[in-house]
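Each residue of the sequence shown is one higher than the last, beginning at 2 in this note's numbering.
Ideal placement from N, C-alpha and C gives every residue a C-beta, glycine not left out.
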Amino acid sequence: MKLLPLLVVTVTVMSACANQPVSSDTRSVGQSQQPPAVVAQCIAQKWADQSQQRVISQVVLANNQAMDVYAPGQQPPNGAAAVVRPAWTANNKTWVGFRASGGAGGAGSDTTGDISPCL
2 MKLLPLLVVT VTVMSACANQ PVSSDTRSVG QSQQPPAVVA QCIAQKWADQ
52 SQQRVISQVV LANNQAMDVY APGQQPPNGA AAVVRPAWTA NNKTWVGFRA
102 SGGAGGAGSD TTGDISPCL
């Protein structure tokens with residue numbers, strides 16, 4: 002019977018982590034019917050192909066349910082990134098935002114335009 006309280010605490014903590022809001026410096030780019038992993042892969046591929054640079058994807062929530070895709074040349078944890086999360090609306094599966102970085106250089110308006118075709 003000691004496992005039940007542990008299970009309840011674990012589920013509660015995991016739910017709280019999954020529902021954490023994105024930071025205030027993240028602006029919405031759009032939503033998609035595709036799963037988060039598919040959208041993140043598309044963004045990473047477009048950025049890598051276009052820039053011919055390494056693009057880093059970081060899993061934020063297990064099973065690729067939430068990911069950060071860092072803009073070309075950017076590094077975790079503070080670099081400019083596409084923020085791919087489960088959508089809060091029933092009509093969409095994925096919400097995508099863009100988190101700018103103070104040292105992002107050219108990352109910003111050019112990179113957000115590349116996200117739209119993946120939605």
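**OP:** With a threshold of 16 other CB atoms inside 10 Å of the CB of Ser33, please say whether the residue is buried or exposed.
**Re:** Taking the first residue of the sequence shown as position 1, residue 33 is located at position 32. The residue is buried, with at least 16 neighbouring Cβ atoms inside 10 Å.
**OP:** Would you mind giving the Cβ-Cβ distance between Gln59 and Pro77, rounded to the nearest angstrom? I have them listed as a contact below 8 Å.
**Re:** Taking the sequence shown and counting its residues from 1, one reaches residue 59 at position 58. Taking the sequence shown and counting its residues from 1, one reaches residue 77 at position 76. Correct: roughly 5 Å between the Cβ atoms.
Original post:
Gln75: buried (16+ other C-beta within 10 angstroms of its C-beta) or exposed?
Top reply: Taking the first residue of the sequence shown as position 1, residue 75 is located at position 74. With 16 or more Cβ atoms within 10 Å of its Cβ, Gln75 is classed as buried.
**OP:** Identify whether Ser117 lies in helix, strand or coil by the three-state DSSP scheme.
**Re:** By 1-based counting over the sequence shown, the position of residue 117 is 116. Note: Ser117 maps to helix in three-state DSSP.
Original post:
Nearest CA to the CA of Pro118: which residue from Ile44, Pro37, Asp26?
Top reply: Residue 118 sits at position 117 when you count from the first residue of the sequence shown. Among Ile44, Pro37, Asp26, the Cα nearest to that of Pro118 belongs to Ile44.
**OP:** Give the secondary structure of Val56 by DSSP, where H, G and I count as helix, E and B as strand, and everything else as coil.
**Re:** Looking up residue 56 in the sequence shown gives position 55. Here Val56 sits in coil by DSSP.
Original post:
If we ignore side chains and look at the alpha-carbon of each, how far apart do Ala72 and Val84 end up?
Top reply: Translated into the one-based positions of the sequence shown, residue 72 becomes position 71. Translated into the one-based positions of the sequence shown, residue 84 becomes position 83. Answer to the nearest angstrom: the Cα atoms are 11 Å apart.
**OP:** Go ahead and pull the three-state DSSP assignment for Trp48.
**Re:** Here residue 48 refers to the residue found at position 47 when the sequence shown is read from its first residue. In this structure, DSSP gives Trp48 a helical state, which the three-state scheme calls helix.
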